Amino acid sequence: MYKKILLPVDVFEMDLSDKAVRHAEFLASAENGEITLLNVLPNSSRSLLRGFTADIRKFEAYMKEESEKKNARGGATVRHPHDAIHTRVVFGNGA
28 MYKKILLPVD
38 VFEMDLSDKA
48 VRHAEFLASA
58 ENGEITLLNV
68 LPNSSRSLLR
78 GFTADIRKFE
88 AYMKEESEKK
98 NARGGATVRH
108 PHDAIHTRVV
118 FGNGA
């Protein structure tokens with residue numbers, strides 16, 4: 028049925044994703060599929076913060092690191108073989 032499932036999540040509000048995660052587990056289990064938990068962090072408004080490039084980079088690095096930790100913890104709670112759970116954190120427009 029589904030071999031690869033891309034599941035957008037908000038790692039700072041994982042409770043909101045609980046039903047979607049459980050449904051993805053159900054769909055993936057039918058075909059031994061893979062689930063990728065995707066967290067999209069908003070792009071920094073670089074035009075508003077001109078002159079603070081180093082600070083923006085530090086903040087983005089911090090946010091990505093924290094999101095990756097939370098995403099990994101979220102992936103550990105998925106009831107599916109852990110070698111079939113992947114996590115990804117990117118910057119972009121979440122909409």
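Numbering-wise (my numbering), the sequence shown opens with residue 28 and increments by one. Virtual Cβ for every residue (Gly too), placed ideally from N, Cα, C. All values derive from a computational prediction rather than experimental measurement.
Simplified DSSP state of R115, which is helix, strand or coil:
The residue you call residue 115 lines up with position 88 of the sequence shown. DSSP places R115 in strand when its eight states are reduced to three.
CA-CA distance, L33 and F86?
Within the sequence shown, residue 33 is the residue found at index 6, counting from 1. Within the sequence shown, residue 86 is the residue found at index 59, counting from 1. Rounded to the nearest angstrom, the gap between the Cα atoms of L33 and F86 is 26 Å.
In or out: T104 buried (at least 16 other Cβ within 10 Å) or exposed?
Position 77 of the sequence shown, counting from 1, holds the residue named residue 104. Exposed, because fewer than 16 other Cβ atoms sit within 10 Å of the Cβ of T104.
Below 8 Å between beta carbons: does that hold for L65 and P108?
Locating residue 65 in the sequence shown gives position 38, counting from the first residue. Locating residue 108 in the sequence shown gives position 81, counting from the first residue. Contact flag unset, no.
State the Cα-Cα distance for the pair S98 and E92, rounded to the nearest angstrom.
Working through the sequence shown from its first residue, we reach residue 98 at position 71. Working through the sequence shown from its first residue, we reach residue 92 at position 65. Checking the sequence, you will find Asn at residue 98 rather than Ser. For the pair N98 and E92, the Cα-to-Cα distance works out to about 10 Å.
So, helix, strand or coil for N120, using DSSP?
Here the question's residue 120 lines up with position 93 in the sequence shown. Reduced to three states, the DSSP call for N120 is coil.
What span of residues does the alpha helix (DSSP H) with K31 cover, start to end?
Position 4 of the sequence shown, counted from the first residue, corresponds to residue 31. For K31, no alpha helix (DSSP H) segment is defined; the enclosing uninterrupted segment is the beta strand (DSSP E) at K31 to P35.
Give me the DSSP bridge partner(s) of L65.
What you label residue 65 is simply residue 38 of the sequence shown in a count that begins at 1. Its beta-bridge partners are P35 and R115.
Where do the ends of the alpha helix (DSSP H) carrying S44 lie?
In the sequence shown, counting from the first residue as 1, residue 44 sits at position 17. Taken as a continuous stretch (DSSP letters only), S44 belongs to no alpha helix (DSSP H), as it is neither H nor E.
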